């Protein structure tokens, strides 16, 4: 019957609608390549301009100085121990929340995940306030004798402790997700075969959780080596330099003349991060066991006699690591000046009022961060929505590549990104002839690059959960791609877009790592001002600004969680 | 209204042909059911017609104009084809009127005209006054009606239905089948209806196309398909046909021919070109009845019985061939297992194409 193919008039050929889709893809492609890929390539070409061997010897030169070596060793050391702490805390809590009958799980999870919302420099500041000589902790009768003279958190141990707690949520979330996906039947089958609960956990659950644990640990490690806020507040005064703080100090001290040198250090840092990311991807791909879940997750074992001891221990721990530091930080903001002890006579709101009404840099910082975070949130989501649509619904290979490319500025250490941004935007922009360096725009560009992935993840996962047929039905009604995007896809994506925008806002509002190298006078951000105030010795004002940030961040988190009930699975990184 | 013609259509996936050299003509206003076991390629064929899948060989024509060929495909939105999805695919952010009137908005129809057609469509599917209701507040049957109204309002030339009743309970299915018939009459559109449920296909379709392994096995009216299946697959897939080896004696006269079944002489229907010699017969459970011993009946032993409510399905083994079994339905008292009875064969059909082996 194939001979009949030649007959029949061809009525095809008119396809102007395809062009709109291609044009959209081209615009998005330029955006992602220009913001996320080009600066990083620029960093590579700066070092390897003279060929591979010359580049390698240049990196080795930069690394051979004692300061750089010490920073590298310190970075690895502190990150290693911090990761161990994150794994212990994250895994223990994931198993407790996932497999036991402990009560008030949502609140427990919320407290554990607080570090996701609180920027590292504020966590560091809060811990300093809690352990430091001025802490309200020493007001508790009986603890007075423990009051330290010098803050014991300054230096390596403090960095390990705070970074370890800061990144525990990553391990927790990875293991928790794997536990959620574990069919209850597997545990029940082990029990039916004669295993006690602990036996089933050790023989069945733990081995199945290993890939998730390892992947979470790799992620925590990558975050630790890229962390700037904690080493900046604890390591610089504690004389424990790490790569991120060394790069910062060199560039802050010598200015753009040190660019080539710090670019080499940044590449070393990026290399370490890439090893961690590679390990994570490899582990998940190679070893993750796909268990297809039929029926529900396990309801949890009864703790029995251990119920109350466990409950008391866990809540005391959470009180100590999540609640107390924030109370201490607030207390530090309520004293009139540094060194004054908090009491009924000394308590005052003057600092909280002063930083928003009298302190110029803080006022500017709030305005700038508000502007930057809002713009970044809107622009990023505006790009993420059509990209996710092209990726999921139109199955565009190109969109898939762009999605992967957008990950690079997010997973690489922020300090690497900011060096790349300086290298790219210090020279005058071709057509305009002006340099973006020393303006607020370089901050905006860096935020757009940094946080695109943060918006893409929830939007892509929500997009994947939209039933294909809903768009196909619109197609059958005669609606072209852009019309469908506007009338069907975007309205259905709306909750995820809102969540994505809020996540970007939260990340950008108190951002420090990227801003630390890109800010300039008049263009301060909130994160930078907290760091500078602390650096100047005005930790009371730093605490006051932090309290404002905490207030805003927690309100927004509450808002997302309220909206979160209506969100599809996987949109929020935390889910209670 | 449209006539649809498929010529040598082929689609591959993973190196395997999902739809293979398939040719089919569907007339103006016809209701054709695509019937087959799951994985036979019927949904892929439907999506090829809709334009969601691309074909690798052949062509699809609507009203004599090519809409799909390997090198060029008309986009789904340009085909003016309506589709009713198994999951209904209603848009949750729009109300009922918003869903039904969507296509009209795409066509930029003026608002009064749009509202009139939405109201008409809702009236036709028995949901008048539902226009401001939220989709989520509707029951499964109501949602499917809204999906139908959405299709009706756009006045498509061709409507594709993808297992539209699969998500509904048995009782509702009955009602919706009547609904689809009314829909077919009201719209006058050509209907292509994918299902794996033969009762649905029989009740609705003017013709049924039975698919298996990406190929068409037989396209016929429901009656002919049941009475005269072309091969073993169709015979077994529809109406619980059972196959039995027979020997044909003599020529076909008025559509009937003498055959020998397990040593027993009887008459069965056959095509005029049926040649004497070995052949394969399709026997329906209803073709077999218990009879008085002797005469024209065949001695059998009862192997098993299964009570089915109104009747009992009895499995018997002919004494001439104890290793084969035949099924029949009896009302009243079920026979005892091991009991010896006699079987009369009232009807049978000789398959034109014997299955290999």
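Protein chains in written order, with the numbering used here: chain H, 157 to 732; chain W, 370 to 726. Using N, Cα and C, we set each Cβ at its ideal position, and we do this for glycine too. Owing to the predicted nature of the structure, the values given are computational and were not obtained by experimental measurement.
Practice task
Below 8 angstroms on the Cβ atoms is my guess for residue 398/H versus residue 507/H; work out the distance and round it to an integer in Å.
Solution key: In fact, because the Cβ distance is near 30 angstroms, the residues do not count as touching under 8 angstroms.
Problem - DSSP-derived helix/strand/coil call for residue 592/H - result: The answer is coil: DSSP assigns residue 592/H none of H, G, I, E or B.
Handout entry: Anticipated Cβ contact below 8 angstroms, residue 561/W with residue 401/W, distance rounded
Key = Contact holds; Cβ gap of about 5 angstroms.
Practice task
Could you tell me the distance, in whole angstroms, from the CA atom of residue 168/H to the CA atom of residue 433/W?
Solution key: With a pLDDT of only 46 at residue 168/H, under the threshold of 50, the placement of this residue in the model should not be trusted, and no figure is reported.
Exercise for the section: With a threshold of 16 other CB atoms inside 10 Å of the CB of residue 137/H, please say whether the residue is buried or exposed. Expected result: Nothing can be reported for residue 137/H, as the shown portion of chain H is limited to 157 through 732.
Handout entry: CB of residue 494/W within 7 angstroms of CB of residue 458/W, strictly
Key = No, the pair does not count as a contact, with Cβ atoms beyond the cut-off.
Practice task
Helix, strand or coil for residue 696/W, going by three-state DSSP, please let me know.
Solution key: Residue state, collapsed to three classes: strand.
Practice task
Please list the partners that residue 628/H has in chain W, where partner means a Cβ-to-Cβ separation under 8 angstroms.
Solution key: Result: 419, 421, 445, 452, 454, 458.
Exercise for the section: Measure the Cβ-Cβ separation of residue 431/H and residue 376/H and say whether it is below 7 angstroms. Expected result: No, Cβ-Cβ distance for residue 431/H and residue 376/H is not below 7 angstroms.
Practice task
Ignore the nearest five residues each way along the sequence and tell me which others in residue 312/H's own chain have a CB closer than 7 angstroms to its CB.
Solution key: Counting only Cβ-Cβ distances below 7 angstroms, and skipping sequence neighbours, we find 234, 396.
Exercise for the section: Taking 7 angstroms as the cut-off, decide whether the C-beta atoms of residue 674/W and residue 681/W are in contact. Expected result: Cβ atoms of residue 674/W and residue 681/W: closer than 7 angstroms.
Problem - Three-state class that DSSP yields for residue 471/W in the structure shown - result: In this structure, residue 471/W counts as helix in the three-state DSSP scheme.
Exercise for the section: Taking residue 466/H as part of the alpha helix (DSSP H), name the residues at either end of that continuous run. Expected result: Counting along the chain, the alpha helix (DSSP H) containing residue 466/H begins and ends at 463-474.
Practice task
For chain H, find out if any of its Cβ atoms is closer than 7 angstroms to the Cβ of residue 562/W; answer yes or no.
Solution key: Chain H contact via Cβ: absent.
Practice task
Kindly say whether residue 487/W, judged by its beta-carbon, lies nearer than 7 angstroms to any beta-carbon of chain H.
Solution key: Interface residue (Cβ-Cβ distance to chain H less than 7 angstroms): residue 487/W is not classified as such.
Problem - Within-7 angstroms CB hit, residue 637/W to chain A - result: Of the chains in the structure shown, none is chain A; the protein chains are H and W.
Problem - Beta-ladder partner(s) of residue 192/H, from DSSP - result: Beta-bridge analysis with DSSP links residue 192/H to no other residue.
Exercise for the section: Check each residue of the region 593-625 of chain H: if its Cβ is closer than 8 angstroms to any Cβ of chain W, include it; give the result in chain order. Expected result: From the region 593-625 of chain H, only 623, 625 have a Cβ closer than 8 angstroms to chain W.
Practice task
Might you give, ordered along the chain, the residues of its own chain that have their beta carbon closer than 7 angstroms to the beta carbon of residue 682/H, omitting 5 neighbours on each side?
Solution key: Excluding positions up to five away in sequence, the list reads 521, 522, 525, 665, 666, 701, 705.
Handout entry: 7 angstroms Cβ shell around residue 685/H - same chain, five flanking residues per side excluded
Key = If we look at residue 685/H and ignore the five residues flanking it on each side, its Cβ neighbours are 517, 518, 521, 701.
Handout entry: Continuous alpha helix (DSSP H) stretch holding residue 513/H: start and end
Key = From DSSP, the alpha helix (DSSP H) with residue 513/H extends over 506-513.
Handout entry: Within 7 angstroms, strictly: CB atoms of residue 591/H and residue 670/H
Key = No, the pair does not count as a contact, with Cβ atoms beyond the cut-off.
Practice task
Would you be able to state if there are at least three C-beta pairs under 8 angstroms between the region 379-392 of chain H and the region 328-346 of chain H?
Solution key: Because the criterion of three Cβ pairs below 8 angstroms is not met, the region 328-346 of chain H and the region 379-392 of chain H do not touch.
Practice task
Just mark residue 590/W as buried or exposed, buried being the case when its beta carbon has 16 or more other beta carbons within 10 Å.
Solution key: Residue 590/W should be labelled exposed.
Practice task
Could you tell me which chain W residues have their CB closer than 7 angstroms to the CB of residue 635/H, listed as they occur along the chain?
Solution key: Neighbours of residue 635/H on chain W, chain order: 446, 475.
Practice task
Using 10 angstroms around the beta-carbon of residue 192/H, count the other beta-carbons present and answer buried if the total reaches 16, otherwise exposed.
Solution key: The Cβ neighbour count for residue 192/H, taken over all protein chains shown within 10 Å, is at least 16; the residue is labelled buried.
Handout entry: CB of residue 568/H within 7 angstroms of CB of residue 426/H, strictly
Key = Yes. Within cutoff.
Exercise for the section: Kindly indicate which three-state DSSP category residue 562/W falls into: helix, strand or coil? Expected result: Strand, per DSSP.
Handout entry: Cutoff 7 angstroms: residue 500/W Cβ touching any chain H Cβ
Key = Residue 500/W does not count as touching chain H.
Handout entry: Rounded C-alpha distance that separates residue 164/H from residue 435/W
Key = Residue placement at residue 164/H is flagged as unreliable, the pLDDT there being 37, under the threshold of 50; the coordinate-derived value follows with that caveat. Taking the straight line from one Cα to the other gives about 6 angstroms.
Exercise for the section: With distances taken Cα to Cα, identify the nearest neighbour of residue 709/W among 608/W, 477/W, 478/W, 691/W. Expected result: For the set 608/W, 477/W, 478/W, 691/W, the Cα lying nearest the Cα of residue 709/W is the one of 691/W.
Exercise for the section: For residue 572/W, return the contacting residues in chain H, with the cut-off set at a CB-CB distance below 7 angstroms. Expected result: Chain H residues near residue 572/W: none, gap ~25 angstroms exceeds 7 angstroms.
Exercise for the section: Consider the Cβ of residue 462/W: report whether some Cβ of chain H lies at a distance smaller than 7 angstroms. Expected result: At least one C-beta of chain H is nearer than 7 angstroms to the C-beta of residue 462/W.
Handout entry: Pairwise C-alpha distance: residue 647/H and residue 677/H
Key = If you draw a straight line from the Cα of residue 677/H to the Cα of residue 647/H, it is about 41 angstroms long.
Exercise for the section: Answer with buried or exposed for residue 279/H, where buried requires no fewer than 16 other C-beta atoms within 10 angstroms of its C-beta. Expected result: So residue 279/H counts as buried.
Problem - 7 angstroms Cβ cutoff, residue 558/W in contact with chain H - result: For residue 558/W, the answer is no, since every Cβ of chain H falls outside 7 angstroms of its Cβ.
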